[in-house]
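**Q** Starting off with a structure, shown below.
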Amino acid sequence: MVEAKYLSMKYEKGGHYALENISFHIDRGEFVFIVGSSGAGKSTILKLIIREVKPTDGVLKIFGRDVARLPRHRLPYLRRNIGMVFQDFRLMEERTAYDNVAFAMVVTGSSRREIRKRVPHVLGLVGLHDKAKTRVRDLSGGELQRVGLARAIVNRPAMIIADEPTGNLDPGTTLDIMNLLRSINLRGTTVLVATHNREIVDRFKKRVLYLENGKLIGDEQKGIYAHVH
Amino acid sequence: MFISGFFYIIGETFKGLYRNRWMCFTSTGVVVVTLFMLGIFMLVNLNLGHITDTVKEQVEIVVYIDENADQETLDELGQKLSSHSDIESVNYVSSEEHMARLHRQLGGMLEGYDAEMDNPLLASYEIRTIVPESVIDLAEEFETYPGVSTVFYGQGYVESLFTVTGVIQMVGLALMAGLSITAVFLISHTIKLTVMMREREISIMKYVGATNWFIRWPFILEGLIMGFTGAVLPLIGLYYLYQYSVEWVVANNLAFLTLLPVQIVLIELATYLVPLGTGLGILGSTFSMGRFLRV
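Residue numbers (the working numbering), protein chains in the order written: chain A, 1 to 229; chain B, 1001 to 1295.
Structure (structure tokens):
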């Protein structure tokens, strides 16, 4: 599903490597943590996956296709297959929870009927059935991330990528969100979580890719955060 | 997809205008004020042009005929003038007609003068040219024609008139160009600001897989509505302002101020301001989105 070969990334010519010569392979249905300190290159991997940036060297294949060679007009179709969850939620604050989730379906061309059926269902899955008509700006941090998750899964993407999804949440809410991600993964969706939250990595015991200064220094099944050092 | 997408875009356009109503109100306000200023200047400029044209149309060339010329030469001269491509109209005035005009002008002062017996006035052709500015060159040309005694076109006075009207037109054009550029700059930057305020919204659309056109359309339509409204409102204001001005000129008997009719002016303003406002609204939105869509 994700295949990186000798992948390198520099944001500026002559600058330092944000990622340097890394290779890994993620299969369908896997749950993978990408861990490392700030600036290790976690977010760069996610940006490369959604082709927000192009690699400087190497090849990154998503769903079997080299993303660097994907024409610009095909990018929306790649992104529709990848649900994204952000640390800062990136929701449209003036709109309701329902509208934020429905929006992801509207852009993919779903019919009104489909949207009316699917959105309440997904909001129910993340425990926000009663908040559908609430404006996003009136929701709590945990609720915001639930809306973000609902938006990410509403189109049944093959993969969810989450960039520090619990970075702005308290420990209790963090656990709720991670459990939701695990249940999404159990339904067959590949999940990639970039994080530097030691507790959740250690608690969930999933595959861990360890990054340090742009280099992949470890790749362990059922890994724990302590192995970074 | 097409139907739900179409309704979405239309719905989003009006929702976007409502959600960002203060910013849209400000942008439209900028368009209204800028185009109103431009419109006032256009009104002044159009009427100045009309007044100078009216004055220039009075300019004519008078070709006095040599009294010793034979009939054949005179016929040839008449033929040549009336078939000249730069001439709009030729009017033959006999020496008797000249004398009659003089009588009319001077009234009783020529009483007792026997015009039949002793008429010193030369017959002439009164010529209106197609382009008023060509009188000087044409007058020179006519002087060389056989059968011509002298040519008169208001030498000295006409040159000054053309210089003054030329300067008025040039200054008018330069100021209008300047104001138009200012309008383009002001309006496109205000619209750009409206789009920039919604950068976050655009980036979210990109992340959930919206195509660029899907994102663009509501913004383009918003730009169109703001630009169009911003052009139509000043037009309504200018219409009432100009109508009042025309009525005021008539009421005060200012006959020398020959203002253009309201309908003609309004059409002229609408054909300039509406495409300008609408076009700037659309282009302002489209171009200012460019860099956000590259994500």
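C-beta atoms are modelled at their ideal positions from N, C-alpha and C, and glycine is treated no differently.
The structure presented is a predicted model; accordingly, all values stated were derived computationally and were not measured.
CB-CB under 6 Å to D88/A, same chain, minus the five flanking residues each way: which ones, in chain order?
**A** none
**Q** Three-state secondary structure (DSSP) at H25/A?
**A** strand
**Q** Within its chain, find whatever has a CB closer than 8 Å to the CB of E1143/B; leave out the 5 residues flanking it on each side and keep chain order.
**A** T1150 and V1151
**Q** Please state whether the Cβ-Cβ distance between Y1226/B and T1034/B is less than 8 Å.
**A** Reading off the sequence shown, one finds Met at residue 1226/B, where the question assumed Tyr. Their beta carbons are not under 8 Å apart, which means M1226/B does not touch T1034/B by this criterion.
**Q** Less than 8 Å between CB atoms is the rule here; does R1291/B satisfy it with respect to chain C?
**A** Considering every chain present, this structure includes no chain C. Its protein chains are A and B.
**Q** Please confirm whether I998/B and V1030/B have their CB atoms less than 8 Å apart.
**A** For chain B, the structure presents residues 1001 to 1295; residue 998/B sits outside this window and is missing.
**Q** Please check the pair A158/A and T190/A, which I expect to be a contact at CB under 8 Å, by giving their CB distance rounded to whole angstroms.
**A** 6 Å
**Q** When you compare the CB positions of S8/A and D66/A, do they come within less than 8 Å of one another, or not?
**A** no
**Q** Which word fits Y1244/B, buried or exposed, when buried means at least 16 other C-beta atoms lie within 10 angstroms of its C-beta?
**A** Result: exposed.
**Q** Beta-carbon of R146/A versus every beta-carbon of chain B: anything under 8 Å?
**A** False, the Cβ-Cβ gap to chain B never drops below 8 Å.
**Q** Would you list the one or two residues that DSSP bridges to D57/A?
**A** S8/A
**Q** Name, please, each residue of chain A whose Cβ falls closer than 8 Å to the Cβ of R1019/B.
**A** What R1019/B touches in chain A, judged by beta-carbon distance under 8 Å, is E94, going in chain order.
**Q** Using three-state DSSP, classify R1128/B as helix, strand or coil.
**A** strand
**Q** Looking at C-alpha atoms only, which residue of E164/A, G29/A and V122/A is the closest neighbour of R90/A?
**A** E164/A
**Q** Can you pull the DSSP bridge partners for N1091/B?
**A** E1126/B
**Q** If you run the structure through DSSP and keep just helix, strand and coil, what is F1036/B?
**A** helix
**Q** With a cut-off of 8 Å, does the C-beta of P76/A fall near any C-beta of chain B?
**A** Yes, P76/A lies at the interface with chain B (some Cβ there is under 8 Å from its Cβ).
**Q** Excluding the five sequence neighbours on either side, which residues of its own chain have a C-beta within less than 7 Å of the C-beta of T134/A, listed in chain order?
**A** The beta carbon of T134/A sits closer than 7 Å to the beta carbons of T96 and A97 from its chain, once the five residues preceding and following it are set aside; these are given in chain order.
**Q** Return the chain-ordered list of same chain residues with a C-beta closer than 8 Å to the C-beta of V201/A, the five sequence neighbours on each side being excluded.
**A** F33, V35, T195, V208, G223, I224 and Y225
**Q** Just checking: is the beta-carbon of G1016/B within a distance shorter than 8 Å of some beta-carbon in chain A?
**A** no
**Q** With a threshold of 8 Å between beta carbons, is M1205/B in contact with chain A?
**A** Yes, M1205/B counts as interfacial toward chain A.
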